[in-house]
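Working notes, structure below.
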Amino acid sequence: MNLSVETDSQESELIKNDDRYLVPGLVRGLAILQAFNQQTQEMTITEIAEILDVNRSSAFRLIYTLESCGFLRKASQKTYALDSKVMELGFNSLSKQSLLDLATPLMKELRDQTKLAVHLSILEGTHIVFINNVQSNGTFTSNIGLGTRWPAHATVIGQMLLADLPETEIRDRYKNFNQWDTFSELTPKNLKTLLQRLSFVKTQRSMVSWGHYNHDMAACAVPIFKQSTGKVTAVLSVSCPLGTYEEDYFRNEIAEMVIQTADKISKFIY
1 MNLSVETDSQ ESELIKNDDR YLVPGLVRGL AILQAFNQQT QEMTITEIAE ILDVNRSSAF
61 RLIYTLESCG FLRKASQKTY ALDSKVMELG FNSLSKQSLL DLATPLMKEL RDQTKLAVHL
121 SILEGTHIVF INNVQSNGTF TSNIGLGTRW PAHATVIGQM LLADLPETEI RDRYKNFNQW
181 DTFSELTPKN LKTLLQRLSF VKTQRSMVSW GHYNHDMAAC AVPIFKQSTG KVTAVLSVSC
241 PLGTYEEDYF RNEIAEMVIQ TADKISKFIY
C-alpha cells in the first residue's frame, strides 16, 4: 500500500513538471484574468494580445470564452474588465474579506452599467455615513466624500437602514433628537411620522428619492444583507442630477440594476 502511494506521488510530480500535460488555452485564459489588477482594471483586445504574445484573433476567442462563462464583461465599446463571477472562485476566502473589498469591484461594475455615481453607506446613531464612493464616468461629479454624514430620517438611504431596526431601538436613538429638519413633504417631522414612514419602507426592495432630499438630485437605495443574520449591514445607492434619466426609467430599470448589484454583494457578506 505504501509503495503504491509513493509511486502515485512520484508520477504526479513527473506530470507536474511535464509541459505535455498543460492545456495552452486554459493557461492563457488564466493569464488574462491575472493581468487585471488595481492599476489595470480595463484592457482592450490588442493589449491582452500583447500580454499573451498572441494575435488578435486568438485573444478574441479567449476573451469571448471568458465573457461567455461570466469571468469577463464588456466595460466599454473597446475594453474588457473582470466580471463578478471571478469572485466566486475564491468564495471561502472572499467571505473573510471586508465589505469594502467585496463591494468596490461590483460598485464599479454598477457605475459602468448606469453611468452614475455609486455609494456605500452605514448607519451611525441618527446619521448615515458614506464609507465608499465610485464617481460616475459621465460629466456629473458627485461632491459626496468619504465620511460625509446626512440625517438618516430625511434620506432614503437612512430610512432603509433604520427600517431594519426594532422599534424599541429606533425610539431609543431618537428619544432626545430635536433636529427634525424638513427637506420635502416626504421628510418625517417627528418620531411618529418617522415610524409610519419606516413601516412602508420595510415593504420595499428599493427606495427612490426624486428631489426629496437634495432638490436637484435623484437617488436610489437598496439594502445589503449579512447572510449569517439576515440583517441589513449597509445600503448601496446611486445618485445623479434630475434629468439624467426619465423618472420612470430611473424608478424601474436603474432601480433593478441597483437591486441586482446589492444582491450580488450580499451573497459574499457573512
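With UniProt numbering, the residue at position 224 of the sequence shown is 224, and numbering never jumps. Note that the Cβ used here is the ideal one computed from N, Cα and C, for glycine as well.
message = Taking the straight line between their C-alpha atoms, what separation do you get for VAL129 and ARG56?
response = When rounded, the distance between both Cα atoms is 46 Å.
query = When the Cα atoms are used, what is the spatial distance from LEU94 to LYS264?
reply = Residue placement at LEU94 cannot be trusted, given a pLDDT of 43 that sits under 50; what the coordinates show is reported in the next sentence. Rounded to the nearest angstrom, the two C-alpha atoms are 13 Å apart.
request  = Using 10 angstroms around the beta-carbon of GLN159, count the other beta-carbons present and answer buried if the total reaches 16, otherwise exposed.
outcome  = Classification for GLN159: buried.
task = Could you check if THR261 is buried or exposed, using at least 16 other CB atoms within 10 Å of its CB as the buried criterion?
result = buried
task = May I have the straight-line CA-CA distance separating GLU253 from ALA152, to the nearest angstrom?
result = 25 Å
request  = Tell me whether ARG111 is buried or exposed, calling it buried when 16 or more other Cβ atoms sit within 10 Å of its Cβ.
outcome  = With 16 or more Cβ atoms within 10 Å of its Cβ, ARG111 is classed as buried.
request  = Could you round the C-beta distance between VAL258 and LEU236 to whole angstroms and report it? I think they count as a contact, below 8 Å.
outcome  = Between LEU236 and VAL258 the Cβ distance is about 6 Å, and since that is below 8 Å, they are a contact.
inquiry  = I need the straight-line Cα distance from THR114 to TYR21, nearest angstrom please.
reply    = 44 Å
inquiry  = For a test of the three-state rule: what should DSSP assign to LEU72, helix, strand or coil?
reply    = strand
message = Rounded to whole angstroms, what is the Cα-Cα separation between VAL134 and VAL118?
response = Taking the straight line from one Cα to the other gives about 5 Å.
One or two residues paired with SER237 in a DSSP bridge = HIS119, ALA221
message = What ranges does the alpha helix (DSSP H) occupy inside the UniProt domain "HTH iclR-type" (23-84), keeping only unbroken runs of at least 4 residues that lie completely in it?
response = 24-35, 45-52, 56-68
ask   = Which one or two residues does DSSP pair with PHE140 in a beta bridge?
value = None; PHE140 has no bridge partner.
ask   = Apart from the five residues on each side of it in sequence, which residues of its chain come closer than 7 Å, Cβ to Cβ, to ALA234?
value = In chain order, LEU99, LEU120, SER121, ILE122, ILE224 place their CB closer than 7 Å to the CB of ALA234, counting only its own chain and leaving out the 5 sequence neighbours on each side.
key: Endpoints, the beta strand (DSSP E) within which residue 283 is located   = Because residue 283 is not part of the residues shown, which for the chain are 1 to 270, the question remains open.
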